[in-house]
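Trainee: Residue numbers (the working numbering): 683 to 814. The beta-carbon is built from N, C-alpha and C at its ideal position, and this holds for glycine as well. All values reported here derive from a predicted model rather than from experimental measurement.
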């Protein structure tokens with residue numbers, strides 16, 4: 683397999699697994715399997731801290747207001763608040779992580795596009811080399 687085909691396949695896999703819908707479905711599956719049962723004892727650690735509240739508001743603004751996939755985010759937030767409320771903090775942490783993965787995947791894809799474009803430009807014969 684040539685390098686270009688391998689890179690394109692890798693990019694395709696990343697885009698698929700970190701698409702909002704696919705990522706949120708995997709997170710909901712994980713939460714359904716790990717959520718504490720009703721009456722089951724959980725840690726008494728305080729999860730609503732100033733830092734967590736700030737992160738939650740930032741998540742709402744970046745993903746729910748300005749994000750390209752805001753509809754998926756709001757559906758996930760509603761599911762987390764209703765079906766997975768015993769592990770809501772973990773759900774929001776995973777939503778933020780997913781946003782990070784999506785941003786990094788997009789940046790990597792753009793960098794790959796730029797690298798391919800640069801390579802193609804370097805391979806185009808210049809007027810000096812075409813005269814030889």
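(1) According to DSSP, simplified to helix, strand and coil, what is residue 731?
(2) For residue 720 and residue 797, what's the separation of their Cα atoms in angstroms?
(3) Does the count of Cβ pairs from the region 776 to 794 and the region 729 to 736 closer than 8 Å reach three?
(4) Assuming residue 774 and residue 762 are in contact, meaning their beta carbons sit under 8 Å apart, how far apart are those beta carbons, in whole angstroms?
(5) So, helix, strand or coil for residue 780, using DSSP?
(6) Are the region 762 to 771 and the region 691 to 701 touching by the rule of at least three beta carbon pairs closer than 8 Å?
(7) Taking C-beta to C-beta, are residue 753 and residue 746 nearer than 7 Å?
(8) What residues in its chain sit with their C-beta under 8 Å from that of residue 697, if we drop five residues either side in the sequence?
(9) Starting from residue 749, trace the alpha helix (DSSP H) in both directions and tell me its first and last residue.
(10) Just how far apart, CA to CA, sit residue 801 and residue 687?
(11) Hey, quick one: how far does the alpha helix (DSSP H) through residue 702 stretch, first residue to last?
(12) Are any of the Cβ atoms in chain C nearer than 7 Å to that of residue 749?
(13) Locate the alpha helix (DSSP H) running through residue 695, then write down its first and last residues.
Mentor: This is what the structure gives:
(1) coil
(2) 52 Å
(3) no
(4) 7 Å
(5) helix
(6) no
(7) no
(8) 787 and 791
(9) Here residue 749 belongs to no alpha helix (DSSP H), and DSSP marks it neither H nor E.
(10) 15 Å
(11) 702 to 716
(12) As a matter of chain content, chain C is missing from the structure shown, which is built from one protein chain.
(13) 685 to 699
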